[in-house]
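Chains as they are written, first to last, in the working numbering: chain D, 62 to 202; chain P, 7 to 394.
One structure below.
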Amino acid sequence: MSNESAREASGASNCLPIVDYLKLGEDPHLVANQCVDCGARYFDRRNACAKCGKAEFVQTRVANDAVLKAFSVVHRAAPGVPVPYVSAIVETGDGTSVRANVLGLTDPMAAKLGMDLRFSVYNCGSDDNGTECVAFGYAVV
Amino acid sequence: MTRFGRYPELDSVDLAATACMDAMVDGGVTIHDMDVLGAGTLFQAGVGMGQRVQKQIGQTGIPVFNVANACATGATALRTVYLSIKAGEAQMGLAFGVEQMGKMGLLRGGEKDEATIFEPAGRYGAVAPVDGILGTETMPGVFAQAGMEYAYNNAGVGFKQFARVAYKNHLHSTLNPLAQYQKQFSMDEIMGSPVQSYPNTLLMCCPTGDGAAAVVMVSGERLRSMPSEAQKRAVKISASVLTSDPWVESGQVQPDVNTLTRNAAAQAYEAAGVGPEDLDLVELHDCFATAELIHYDNLGLCERGGAGDFIDSGAPFRDGRTPVNVSGGLISKGHPIGATGVANVYEVTTHLRGEAGDRQIEGAKVGLAHVIGLGSACGIHILEKSAA
């Protein structure tokens, strides 16, 4: 999607991020709970770090640049899920793995392992109150 | 074991009881010889399956362990009985795995609800189902990504290598009367069948289905008091290992099926005192073609990074260096989830006894059975032909 519509998506007054680790506003990005001791990152809350067992975390910004580590072109999904789409595991510039869709490919089979990607947000629907849901993905650079 | 397939006229208790009775008759023993029962089923984990089956095969008051452990459920039931015997609390025990899935279709992946009012919910504060928006939660997709990650890190792995795995397993299944599907397909048919989650096409995915398998386990001491024929047919469990997934960086977004399999394999080879080069056959967890390929590497069947060459060389075909999934594997034999981790032990055992008929791997002395369930759990059993 274009940067312009991404800005519209994140700047809308009545919108919600699809998940709480997506932060909207002028500079949309992901955040993670990072273990103060070992640096392991988690998108959900943890009682203790699954890597080292320590229990102190700090919220940290996740880098927006990424490379495509693994993908699947999904043609069969639950009813109501539009297909095909490119599901991906990306690795961000600061070494965090994220699961998301690859955006902006007219031919899904054009996805290539190792390709450079950039974090992007877009509107993915609205509820009965007109509140918009903003999702994220990774667009081809 | 029962043939895997679809049994709308039966229920899972019927299937499990059939497998249990067959196993006891095969061993020349009865329910009165059993000191413990291990019962594995995933989708009916809450019903007390072990006790329900006891009503069909004999209520003798022995302890029952009902277990659920994803796709490693059957292996876990087996290991529960193994541990009871090893601990000296039991001399003989029965373990079964069963599942009745019918035509469940695609596993995982949430159905989309029409929007009403967005409200953050759950551990990630999601306002809507994220499957299909933040990547895939479906099994064909998750395992496709696992395969593609391997392809990213290792040369010589692509669509053709994955397809060849399915080609092999469909070919093998034609010799196994217990397989859900027993049909050979060409590479073109496999690569041209409908894409589920690229690179996994329909013919590279296991079906859902129904079935059960059971084994009788006995201590060495108790075995020595049994008839010589039973001693000859008994196989030795040289290793029984269960692992879970240790932390890896990407584990929170993509289940790691590799590390726990590598760990389990290392433990199993050490316990059994054998190496991958000693294996005459392997039944491994090919829920999808992409999964089988990466487990060649995880189980040490090939050089590190060499899974593409391994399948290209023909090594895992039944006439190759290390036959893999001569039963047809999950892809063709079927994957009634709770039954799978017992059925692969049945398969290896049948070969070690020399009783596998048309699909017999001649002279098989050592075999390995592997299952993995997402979440994750990995079970490995190494079996050896009896010296008796």
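Just so it is clear, CB atoms sit at the ideal spot from N, CA and C, and this is done for glycine as well.
As the structure is a prediction and not an experimental result, all values here were calculated from the model.
### Message
Could you check whether the Cβ of glutamine 190 (chain P) sits closer than 7 Å to any Cβ belonging to chain D?
### Response
Locating residue 190 (chain P) in the second sequence gives position 184, where the first residue counts as 1. Not closer than 7 Å to any Cβ of chain D, the Cβ of glutamine 190 (chain P) fails to qualify, so no.
### Message
According to DSSP, phenylalanine 132 (chain D) sits in a beta bridge with which residue or residues?
### Response
Within the first sequence, numbered from 1, the residue matching residue 132 (chain D) stands at position 71. DSSP output for phenylalanine 132 (chain D) lists D:Ala149 as bridge partner(s).
### Query
Does DSSP put histidine 376 (chain P) in a helix, in a strand, or in coil?
Here residue 376 (chain P) refers to the residue found at position 370 of the second sequence. Strand, per DSSP.
### Query
Is phenylalanine 104 (chain D) helix, strand or coil by DSSP?
Here the question's residue 104 (chain D) lines up with position 43 in the first sequence. Phenylalanine 104 (chain D) falls in the coil class under three-state DSSP.
### Query
Could one say the Cβ of valine 123 (chain D) lies closer than 7 Å to chain P's Cβ atoms, at least one of them?
In the first sequence, counting from the first residue as 1, residue 123 (chain D) sits at position 62. Closer than 7 Å: no.
### At least three beta-carbon pairs within less than 8 Å, the segment 182 to 191 of chain D to the segment 7 to 26 of chain P
no
### Task
Tell me whether glycine 46 (chain P) is buried or exposed, calling it buried when 16 or more other Cβ atoms sit within 10 Å of its Cβ.
For this step, residue 46 (chain P) is matched to residue 40 along the second sequence. Glycine 46 (chain P) is buried by the Cβ-count criterion.
### Message
Taking its Cβ as the centre, do 16 or more other Cβ atoms sit within 10 Å of histidine 38 (chain P), making it buried, or is it exposed?
### Response
Walking along the second sequence from the start, residue 38 (chain P) turns up at place 32. Histidine 38 (chain P) should be labelled exposed.
### Task
Would you mind telling me which residues of chain D sit closer than 7 Å to glutamate 105 (chain P), beta carbon to beta carbon, in chain order?
Within the second sequence, numbered from 1, the residue matching residue 105 (chain P) stands at position 99. Neighbours of glutamate 105 (chain P) on chain D: none; closest Cβ ~21 Å, over 7 Å.
### Neighbourhood of serine 148 (chain D) by C-beta, 7 Å cutoff - its chain only, sequence neighbours within 5 removed
Stepping through the first sequence from its first residue, residue 148 (chain D) is reached at position 87. Only Phe132, Ser133, Val135, Asn162 meet the Cβ criterion.
### Message
Quick check on asparagine 331 (chain P): buried or exposed, where buried means 16 or more other Cβ atoms within 10 Å of its Cβ?
### Response
Start at 1 with the first residue of the second sequence, and residue 331 (chain P) comes out as number 325. It counts as buried.
### Message
Quick check: the Cα distance between lysine 242 (chain P) and methionine 232 (chain P), rounded to an integer number of angstroms?
### Response
In the second sequence, the residue the question calls residue 242 (chain P) occupies position 236. In the second sequence, the residue the question calls residue 232 (chain P) occupies position 226. Near 15 Å, if we compare the C-alpha coordinates of methionine 232 (chain P) and lysine 242 (chain P).
### Task
Give me the Cα-Cα distance between alanine 271 (chain P) and proline 329 (chain P), rounded to the nearest whole angstrom.
Walking along the second sequence from the start, residue 271 (chain P) turns up at place 265. Walking along the second sequence from the start, residue 329 (chain P) turns up at place 323. In a straight line, the C-alpha of alanine 271 (chain P) is about 17 Å away from that of proline 329 (chain P).
### Query
When the cut-off is 7 Å and only beta carbons count, does threonine 192 (chain D) lie next to chain P?
Here residue 192 (chain D) corresponds to residue number 131 of the first sequence, with the count starting at 1. Judged by the 7 Å Cβ criterion, threonine 192 (chain D) is in contact with chain P.
### Query
Helix, strand or coil: which one does DSSP assign to tyrosine 267 (chain P)?
Here the question's residue 267 (chain P) lines up with position 261 in the second sequence. Correcting the residue type first, residue 267 (chain P) is threonine in the shown sequence and not tyrosine. Note: threonine 267 (chain P) maps to helix in three-state DSSP.
### Query
Is there a Cβ from chain P that is less than 7 Å from the Cβ of arginine 179 (chain D)?
Along the first sequence, read from residue 1 onward, the residue named residue 179 (chain D) stands at position 118. So no, arginine 179 (chain D) is outside the interface.
### Message
For a test of the three-state rule: what should DSSP assign to lysine 30 (chain P), helix, strand or coil?
### Response
To locate residue 30 (chain P), count along the second sequence from 1; it is residue 24. According to the sequence provided, residue 30 (chain P) is methionine. The question's lysine does not apply to it. Correct three-state label for methionine 30 (chain P): helix.
### Query
Candidates P:Pro342, P:Ala93, P:Ala313: which alpha carbon is nearest glycine 164 (chain P)'s?
Counting from one through the second sequence, the residue named residue 164 (chain P) turns up at place 158. When each option's Cα is compared against that of glycine 164 (chain P), the closest is P:Ala313.
#### Entry: Identity of the residue in P:Arg230, P:Phe102, P:Gln258, P:Ala274 nearest alanine 245 (chain P) by Cα
Here residue 245 (chain P) is taken as the residue at index 239 of the second sequence, counted from 1. With distances taken between Cα atoms, alanine 245 (chain P) lies closest to P:Ala274.
### Query
What residues from chain D crowd round threonine 122 (chain P), counting only those whose CB sits closer than 7 Å?
Numbered from 1 along the second sequence, position 116 holds the residue referred to as residue 122 (chain P). Result: Asp188, Asp189.
#### Entry: Continuous alpha helix (DSSP H) assignments of at least 4 residues falling wholly in the segment 241 to 311 of chain P
Runs of the alpha helix (DSSP H) lying entirely within the segment 241 to 311 of chain P, each at least 4 residues long, are 265 to 278, 295 to 304 in chain order.
### Message
Along the segment 108 to 123 of chain D, where does the CB come closer than 7 Å to a CB of chain P? Name the residues.
### Response
Cβ contacts with chain P: Ala111, Lys112.
### Check whether serine 382 (chain P) and proline 261 (chain P) have beta carbons under 7 Å apart
Within the second sequence, residue 382 (chain P) is the residue found at index 376, counting from 1. Within the second sequence, residue 261 (chain P) is the residue found at index 255, counting from 1. Closer than 7 Å, so yes.
### Query
Looking at the unbroken beta strand (DSSP E) that takes in arginine 170 (chain P), where does it start and where does it end?
As a working note, residue 170 (chain P) is residue 164 in the second sequence. Careful: arginine 170 (chain P) lies outside any beta strand (DSSP E), inside the alpha helix (DSSP H) at 165 to 179.
### Message
Is there a Cβ of chain P sitting closer than 7 Å to that of glycine 72 (chain D), yes or no?
### Response
The count along the first sequence starts at 1 and reaches residue 72 (chain D) at position 11. A caution first: glycine 72 (chain D) carries a pLDDT of 49, below 50, which makes its placement in the model too unreliable to give a value.
### Task
Go through the segment 325 to 387 of chain P residue by residue and report every complete run of the alpha helix (DSSP H) that reaches 4 residues or more, in order.
335 to 339, 343 to 358
### Query
Residues bridged to leucine 43 (chain P) by DSSP?
Taking the first residue of the second sequence as position 1, residue 43 (chain P) is located at position 37. Bridge partners of leucine 43 (chain P): P:Val70, P:Leu100.
### Interface residues of chain P facing cysteine 185 (chain D) [CB-CB closer than 8 Å]
Taking the first residue of the first sequence as 1, we reach residue 185 (chain D) at position 124. Neighbourhood of cysteine 185 (chain D) in chain P, by CB distance below 8 Å: Ala134, Ile139, in chain order.
### Message
Mapping the DSSP letters down to three states, classify serine 18 (chain P) as helix, strand or coil.
### Response
For the purposes of this step, residue 18 (chain P) is identified with residue 12 of the second sequence, where counting begins at 1. Here serine 18 (chain P) sits in helix by DSSP.
### Task
Give me the Cα-Cα distance between glycine 34 (chain P) and alanine 278 (chain P), rounded to the nearest whole angstrom.
For the purposes of this step, residue 34 (chain P) is taken as the residue at position 28 of the second sequence. For the purposes of this step, residue 278 (chain P) is taken as the residue at position 272 of the second sequence. Each residue's alpha carbon lies about 27 Å from the other.
### Task
In the DSSP assignment, find the alpha helix (DSSP H) that holds arginine 228 (chain P) and state where it starts and stops.
Here residue 228 (chain P) refers to the residue found at position 222 when the second sequence is read from its first residue. Run containing arginine 228 (chain P): 226 to 229, per the alpha helix (DSSP H) assignment.
### Query
Which residues does DSSP pair with phenylalanine 197 (chain D) in a beta bridge?
Locating residue 197 (chain D) in the first sequence gives position 136, counting from the first residue. In DSSP, phenylalanine 197 (chain D) forms a bridge with D:Val182.
### Query
Is any heavy atom in the ligand NAD found nearer than 6 Å to the beta carbon of alanine 93 (chain D)?
The model depicted lacks the ligand NAD and carries no ligand whatsoever.
### Query
Taking DSSP as the reference, what is the three-state secondary structure of proline 89 (chain D)?
Along the first sequence, one-based indexing puts residue 89 (chain D) at 28. In this structure, proline 89 (chain D) counts as coil in the three-state DSSP scheme.
### Message
Please classify methionine 193 (chain P) as buried or exposed, where buried requires at least 16 other C-beta atoms within 10 Å of its C-beta.
### Response
Sequence index remark: in the second sequence, residue 193 (chain P) carries index 187 (1-based). Flag for methionine 193 (chain P) reads exposed.
#### Entry: threonine 355 (chain P) versus lysine 130 (chain D) - alpha carbon distance
For the purposes of this step, residue 355 (chain P) is taken as residue 349 along the second sequence, with counting starting at 1. For the purposes of this step, residue 130 (chain D) is taken as residue 69 along the first sequence, with counting starting at 1. Answer to the nearest angstrom: the Cα atoms are 39 Å apart.
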